[in-house]
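Read the structure below first, then the notes.
There are 2 protein chains.
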Amino acid sequence: MEPRKLTRNQTLVLETLTHAEAPLSAYTILDKLRDHGFRAPLQVYRALEKLTEFGIVHRLESLNAFVACTHPHDHGPEKAVIAFAICEDCGQVSEISDPEIEDRLAVLATKQQFKTDKTTIEMRGHCGNCTA
Amino acid sequence: MEPRKLTRNQTLVLETLTHAEAPLSAYTILDKLRDHGFRAPLQVYRALEKLTEFGIVHRLESLNAFVACTHPHDHGPEKAVIAFAICEDCGQVSEISDPEIEDRLAVLATKQQFKTDKTTIEMRGHCGNCTA
DNA sequence: ATTCTCAATGTTATGTTATTACATCAATTG
DNA sequence: CAATTGATGTAATAACATAACATTGAGAAT
Numbered sequence: 001m002e003p004r005k006l007t008r009n010q011t012l013v014l015e016t017l018t019h020a021e022a023p024l025s026a027y028t029i030l031d032k033l034r035d036h037g038f039r040a041p042l043q044v045y046r047a048l049e050k051l052t053e054f055g056i057v058h059r060l061e062s063l064n065a066f067v068a069c070t071h072p073h074d075h076g077p078e079k080a081v082i083a084f085a086i087c088e089d090c091g092q093v094s095e096i097s098d099p100e101i102e103d104r105l106a107v108l109a110t111k112q113q114f115k116t117d118k119t120t121i122e123m124r125g126h127c128g129n130c131t132a
Numbered sequence: 001m002e003p004r005k006l007t008r009n010q011t012l013v014l015e016t017l018t019h020a021e022a023p024l025s026a027y028t029i030l031d032k033l034r035d036h037g038f039r040a041p042l043q044v045y046r047a048l049e050k051l052t053e054f055g056i057v058h059r060l061e062s063l064n065a066f067v068a069c070t071h072p073h074d075h076g077p078e079k080a081v082i083a084f085a086i087c088e089d090c091g092q093v094s095e096i097s098d099p100e101i102e103d104r105l106a107v108l109a110t111k112q113q114f115k116t117d118k119t120t121i122e123m124r125g126h127c128g129n130c131t132a
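Chains as they are written, first to last, in UniProt numbering: chain A, 1 to 132; chain B, 1 to 132.
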């Protein structure tokens, strides 16, 4: 599932997310792209689905919203576990990839013979800037 | 926010979740409680909100669904971080409370001066029974 | 070049999840 | 009793997501 050449819709959605300063909902993206010919939610959801598969967009489950990946990290199928720190004030999201967390979760899962497909870690709180 | 005496609606919702074998959506709960006089989503959502505050019900963000807490653990305001292992096949959810994970996330947050209010950890996959 | 195929797209409708707004009721308390 | 507070009931609507079906477009096979 490599980030091959993106389609027009995928490109537009990705750019929208890239330029955003906070996570966007699918419908917010839709509104921002009406001028570019978007008319229905599916156009957004389909693009998001692919971009998420490619690993260049992440879905934030606790927010029902999406962000462009800011991780220097691999976009490959390796799919490292990523933790998100989401600021309630400014909306800024930082991605954290930490082997210790990943290993520990793997141990805990194995301990109960659980086979993990996908892991979600989201911290909601307040970032340094907004706390200051 | 102690689990003081529950109201009628809260009791009904909690019992519904307790008897369920998998997470339930708010609307599923509503349907199960129609015979008991429930008629509107808010009756469910309001009860869920309180039960969640009390710590005796958890919301699974990646599922938009709810489970009764099965954790022997404290229902107090201490609010330990809980990781959920959610089986895609049978729906069974197990709660994992692990100080190592908690500590590590705390370290990572602190490192970037992030003040965490609430942490979500959800592993989606397949439990031992369903893999066998 | 023509046909085949498959992924992406467009469009409408609908399904699912969650909240706003407002009225009422019941228990407590000053 | 009046006043406050928390729970409830109800209707309407907002927000998030998918199903179903028709069409288009780009590349591969012939």
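Cβ coordinates follow ideal geometry from the N, Cα and C atoms, glycine included. All values derive from a computational prediction rather than experimental measurement.
In the pairwise beta carbon analysis, the stretch 87 to 94 of chain A is classified as not touching the stretch 89 to 96 of chain B: fewer than three pairs are separated by under 8 angstroms.
Non-local C-beta neighbours of Lys-32 (chain A) in its own chain, meaning closer than 7 angstroms and more than five positions away in sequence, comprise Thr-16, ordered along the chain. Separation of Val-81 (chain B) and Arg-8 (chain A) (C-alpha to C-alpha, rounded to the nearest whole angstrom) is 41 angstroms. Think of a sphere of 8 angstroms around the beta carbon of Phe-66 (chain A): no beta carbon from chain B falls inside it, the nearest being about 14 angstroms out. Among the residues of chain A, those whose CB is under 7 angstroms from the CB of Glu-100 (chain B) are Arg-104, following chain order. Counting only residues of its own chain and dropping the five nearest sequence neighbours on each side, Gln-10 (chain B) has a CB closer than 7 angstroms to the CB of Ala-47, Lys-50, Leu-51. C-alpha of Ile-56 (chain A) to C-alpha of Cys-130 (chain B): approximately 31 angstroms in a straight line. Taking Ser-25 (chain B) as the centre and dropping the five residues before and after it, the same chain places the C-beta of Asn-64, Ala-65 closer than 7 angstroms to its C-beta, in chain order. By the neighbour-count criterion, in which a residue is buried when 16 or more other Cβ atoms sit within 10 angstroms of its Cβ, His-58 (chain B) is buried. His-126 (chain A) is classed as buried because its beta carbon has at least 16 other beta carbons within 10 Å across all chains shown. Annotation for Lys-5 (chain A): no residue places its beta carbon closer than 7 angstroms to its own, counting only its chain and skipping 5 residues before and after. For Ile-29 (chain B), the enclosing alpha helix (DSSP H) stretches over residues 26 to 32. With respect to Glu-122 (chain B), Phe-84 (chain B) sits close: the two C-beta atoms are nearer than 8 angstroms. For Asp-103 (chain B), the enclosing alpha helix (DSSP H) has its first and last residue at 99 to 111.
Exposed is the label assigned to Val-107 (chain A), since fewer than 16 other Cβ atoms lie within 10 Å of its Cβ.
As computed with DSSP, Thr-11 (chain B) is found in no beta bridge at all.
For the options A:Phe-114, A:Lys-118, A:Arg-124, the alpha carbon positioned closest to that of Ala-132 (chain B) is the one of A:Phe-114. The alpha-carbon of Thr-110 (chain A) is positioned some 20 angstroms away from that of Ser-97 (chain A).
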